[in-house]
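Residue numbers (our numbering): 971 to 1198. Glycine is no exception: its CB is placed at the ideal position from the N, C-alpha and C atoms. Remember, predicted model here, so these are calculated numbers, not experimental data. Comments concern the structure below.
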Amino acid sequence: MIEAHHIVKEVVTSAGTLRILDDISLAVAEGEALAIVGPSGSGKSTLLGILAGLDLPSAGQVQINGEDITAMDEEGRAAMRARYVGFVFQSFQLLPSLTALENVALPLELRGDAQALDTARRFLERVGLAARWHHYPRQLSGGEQQRVALARAFASQPKILFADEPTGNLDTATGETINNLLFQLNREAGTTLILVTHEPVLANRCHRRVTLRGGRLLNGETALPVDP
Ligand code: ADP
Ligand code: MG
């Protein structure tokens, strides 16, 4: 489903060239859930952005569904993301001027889906927020906002869901509810999941984990028990 070959990411800073990612290769099969763990600053978010086609590596190649996204122009990558990819971020990233319903419906409307509002309602119901459809993000708690973000991500039925510390801004109990929902939705849809997390419990719910340390992969081959 997704393959990364020898990814290097360098940025130029006032102190010289900084290598954020150093020769990362990995493959994730269709329907698999991979956890990316590692300390803060180890390059997890940078790697996720490159795998998802939001950012380009300095060297190396990423293939999604056999297509080399690192060879595409920005327009090509945007089209690929719209077709295959969903995101959930630590900071929710809802549009503040749109209601919950409009936030969920927007990506569907952008791709010309005539059923956008119906689908959005269905997914808000699925995350337990049917009654809050007309509320704006500022009127919702953090956990509720992340539910809206989950509804938005899954409503477009992505082949691959990228989640970057999705419960990082939530208290433990709320985070657990969101995690349960994330894995439930993921199982129902058979989505390939790539999850960045600090939490060992969450990483253990994935099929496999890799650890980043200073921009390098530690134990890329460590297999973990499969969550049925
Ligand atoms: P993580 O998500 O694991 O905390 P990041 O991928 O956000 O790590 O960042 C990895 C390292 O690269 C950090 O030290 C960060 O400060 C640095 N970094 C990321 N993006 C840039 C950039 N555009 N310019 C300079 N340094 C950056
Ligand atoms: Mg990060």
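Excluding the 5 residues flanking residue i on each side, which residues of the same chain have their C-beta closer than 7 Å to its C-beta?
| i | result |
| --- | --- |
| Lys-952 | No answer is possible for residue 952: the residues shown for the chain start at 971 and end at 1198. |
| Gly-1113 | Leu-1140, Thr-1144, Thr-1147, Ile-1148 |
| Gly-1202 | Residue 1202 lies beyond the stretch modelled for the chain, which goes from 971 to 1198, so this question has no answer here. |
| Arg-1122 | Asn-1073, Val-1074, Pro-1077 |
| Val-981 | Leu-988, Ile-990 |
| Ser-1061 | Asn-1139 |
| Gln-1127 | Ala-1159 |
| Ala-1173 | Ala-1005, Val-1007, Thr-1167, Arg-1179 |
| Thr-1102 | The question names Thr, but residue 1102 in the sequence shown is Arg. Taken in chain order, the residues that qualify are Ala-1070, Leu-1110, Glu-1114. |
Taking only three categories from DSSP, how would you classify residue i?
| i | result |
| --- | --- |
| Ser-1028 | coil |
| Asp-1088 | helix |
| Lys-979 | strand |
| Glu-1135 | coil |
| Ala-1159 | helix |
| Lys-1129 | coil |
| Leu-1182 | strand |
| Phe-1059 | strand |
| Leu-1017 | helix |
| Ala-1022 | coil |
| Leu-1152 | helix |
Less than 6 Å between C-beta atoms, sequence neighbours within five positions excluded: which residues of the same chain meet that for residue i?
| i | result |
| --- | --- |
| Gly-1160 | Gly-1001 |
| Asp-1025 | Gly-1019 |
| Leu-1087 | Ala-1075 |
| Ala-1022 | Val-1055, Phe-1132 |
| Ile-1039 | Gly-1023, Val-1032, Arg-1047, Met-1050 |
| Leu-1187 | Ile-994, Val-1180 |
| Leu-1155 | Phe-1124 |
| His-1105 | Ala-1070 |
Have a look at the DSSP bridge pairing and note the partners of residue i.
| i | result |
| --- | --- |
| Thr-987 | Val-982 |
| Asp-1141 | In DSSP, Asp-1141 forms no bridge with anything. |
| Ala-1075 | Note: Ala-1075 sits in no beta bridge, so no partner. |
| Glu-1095 | In the DSSP output, where bridge partners are listed per residue, Glu-1095 has none listed. |
| Asp-1043 | None, per the DSSP bridge assignment. |
| Ile-972 | Val-998, Ile-1034 |
| Glu-1121 | The sequence shown places Ala at residue 1121, rather than the Glu named in the question. Answer is none; Ala-1121 lacks a bridge partner. |
| Arg-1171 | The amino acid occupying residue 1171 in the given sequence is Val; Arg does not appear at that position. Paired residue(s): none; Val-1171 is not in a bridge. |
| Ala-1005 | Leu-1165, Arg-1179 |
| Leu-1187 | Leu-1182 |
Any heavy atom of the ligand ADP closer than 7 Å to the Cβ of residue i?
| i | result |
| --- | --- |
| Val-1199 | Residue 1199 lies beyond the range of the chain shown here (971 to 1198); nothing can be said about it. |
| Thr-1016 | yes |
| Ser-984 | no |
| Gly-1160 | no |
| Ser-1067 | no |
| Gly-1046 | no |
| Ser-1028 | no |
| Ile-990 | yes |
| Ser-1061 | no |
| Ser-1111 | no |
| Ser-1126 | no |
| Gly-1013 | yes |
| Gly-1008 | yes |
Keeping to the same chain, check which residues put their C-beta closer than 8 Å to that of residue i; ignore five residues upstream and five downstream.
| i | result |
| --- | --- |
| Gln-1063 | Phe-1057, Ala-1119 |
| His-976 | Asp-993, Ile-994, Ser-995, Ala-1029, Gly-1030, Gln-1031 |
| Ala-985 | none |
| Arg-1108 | Pro-1066 |
Looking at the ligand MG, does it come within less than 7 Å of residue i, judged from the CB to the closest heavy atom?
| i | result |
| --- | --- |
| Glu-1169 | no |
| Asp-1134 | yes |
Check whether the Cβ of residue i sits closer than 7 Å to any heavy atom of the ligand NAP, and report yes or no.
| i | result |
| --- | --- |
| Thr-1147 | Looking for the ligand NAP in the displayed structure turns up nothing; the ligands present are the ligand ADP and the ligand MG. |
Would you check if the segment 1096-1105 and the segment 1047-1065 touch, i.e. whether three or more CB-CB distances between them fall below 8 Å?
In the pairwise beta carbon analysis, the segment 1047-1065 is classified as not touching the segment 1096-1105: fewer than three pairs are separated by under 8 Å.
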